[in-house]
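Engineer: Submitted below is the structure of interest, expressed as structure tokens.
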Amino acid sequence: MAAGGYPEFGKLQLSPKRQAFYEAVVGALAETDLPFLIGGAVAFGFYTDIWRDTKDLDIFLAPETVPPILDHLRERGFATELTFPHWLAKVRSDDALVDFIFRGSNGVCSVNSTWFEGVPRVPVFGFSVNIVRPEDLIRMKAFVMERERFDGHDILHLLFRQADHLDWDRLLDWFSDDQGLLLSLLVLFQYAYPFRAGSIPAKIREALAETWLRPPSVSEPLCNGTLLSKRQYETDISAWRLIDARTTGRCQITEQEIRSWSSYED
């Protein structure tokens, strides 16, 4: 049997030490009754068959479960930290880490009970675990458009492999406040894979076309660019005096957390 007890996961490029660390963390999580989802390179590889070397394992949690899970891991001897209180905690080892993600770094997309509905359950790292749904991976990755990192390519690959199996209504609902963003990604998908354009349902095209043909009436100088990048729209806010979308009440992030995250060097 391949590593992790599932053929696909044998393609993960992990050192024995790193795999043992991930297995230990997942094993500790399995001791609790608290729900969690495996994401990141593991879920991306599961849905696309594109496998990468990864130094971190992404695990998604509901915000309210983060404190008890970190407490449990500390009791098991793991070094834990609440790295950014609005979205991220970590567990570290010498050459690897586990990221516990409970919302997007911009303060949107909080993990809630709907994330755990209808998720695939597969054996990986020696345990039967839940994998993040592709729709939710797309939603989280859609907001990653940094100068040094653009997750749009991952989204296109997810669409290429999973478009025929996606819950498109769920995806459209996820992007109810960001339909222009979803539209831009689907246009990019059609450009990258013109022969796959028909895999996007007509009803989704029609719904999103309204976003373009009937633009929203917004009188205030709002900049949604800050939802896409923590730093690339600083001039827009500081010099051009546009309104940072993260400060409008939509995002679960304070102004101090915005400053802390914006100054962080990846």
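Residue numbers (this note's numbering): 1 to 266. Glycine residues also receive a C-beta, built at the ideal position from the N, C-alpha and C atoms. The model shown is predicted, which means the values in this text are computed figures rather than measured ones.
Counting along the chain, where does the alpha helix (DSSP H) carrying Pro68 start and finish?
Structural biologist: Your numbering for residue 68 matches position 68 in the sequence shown. Unbroken alpha helix (DSSP H) run through Pro68: Val66 to Glu75.
Engineer: Under 8 angstroms, with one C-beta from each stretch per pair, do the stretch 216 to 224 and the stretch 182 to 196 reach the 3-pair mark?
Structural biologist: no
Engineer: Grouping DSSP H, G and I as helix and E and B as strand, with all else coil, what is Ser184?
Structural biologist: Mapped onto the sequence shown, residue 184 falls at position 184. Ser184: helix per DSSP, three-state reduction.
Engineer: Tell whether a beta-carbon distance below 7 angstroms holds between Ala89 and Phe100.
Structural biologist: Along the sequence shown, read from residue 1 onward, the residue named residue 89 stands at position 89. Along the sequence shown, read from residue 1 onward, the residue named residue 100 stands at position 100. Taking 7 angstroms as the Cβ cut-off, Ala89 and Phe100 qualify as a contacting pair.
Engineer: Quick check: does the Cβ of Trp212 come within less than 6 angstroms of any heavy atom belonging to the ligand MN?
Structural biologist: By its list of ligands, the structure shown contains no ligand whatsoever, and the ligand MN lies outside what it can speak to.
Engineer: Can you give the Cα-Cα distance for Leu159 and Ser229, rounded to whole angstroms?
Structural biologist: Counted from its first residue, the sequence shown places residue 159 at position 159. Counted from its first residue, the sequence shown places residue 229 at position 229. Going by the C-alpha atoms only, they are around 22 angstroms apart.
Engineer: Could you tell me whether the stretch 14 to 28 touches the stretch 133 to 146, using the rule of 3 or more Cβ pairs below 8 angstroms?
Structural biologist: no
Engineer: In terms of residue numbering, what span does the beta strand (DSSP E) encompassing Asp169 cover?
Structural biologist: As a first step, residue 169 is located in the sequence shown; it is residue number 169 there, counting from the start. Note, Asp169: premise wrong, no beta strand (DSSP E); alpha helix (DSSP H) at Trp168 to Trp174.
Engineer: Should the stretch 47 to 56 be regarded as contacting the stretch 141 to 160, the criterion being three or more beta carbon pairs within less than 8 angstroms?
Structural biologist: Enough Cβ pairs lie closer than 8 angstroms, so yes.
Engineer: Decide if the stretch 104 to 123 is in contact with the stretch 36 to 47; the criterion is three or more beta carbon pairs, one per stretch, under 8 angstroms apart.
Structural biologist: yes
Engineer: With a CB to CB cut of under 6 angstroms and the five nearest residues on each side skipped, what residues in its chain are close to Leu182?
Structural biologist: Translated into positions along the sequence shown, residue 182 becomes position 182. Here the set comprises Phe175.
Engineer: For Pro7, which of helix, strand or coil comes out of DSSP?
Structural biologist: For this step, residue 7 is matched to residue 7 along the sequence shown. Residue placement at Pro7 is flagged as unreliable, the pLDDT there being 42, under the threshold of 50; a coordinate-derived value is accordingly withheld.
Engineer: Please state whether DSSP places Ile253 in a helix, a strand or coil.
Structural biologist: One-based indexing of the sequence shown puts residue 253 at position 253. Correct three-state label for Ile253: coil.
Engineer: Going by C-alpha distance, which of Glu220, Arg250 and Ala41 is nearest Trp240?
Structural biologist: As a working mapping, residue 240 is identified with position 240 in the sequence shown. Ranking Glu220, Arg250 and Ala41 by Cα distance to Trp240 puts Glu220 first.
Engineer: How about Arg246 and Ile258: do their beta carbons lie closer than 7 angstroms?
Structural biologist: Here residue 246 corresponds to residue number 246 of the sequence shown, with the count starting at 1. Here residue 258 corresponds to residue number 258 of the sequence shown, with the count starting at 1. The Cβ-Cβ distance between Arg246 and Ile258 falls below 7 angstroms.
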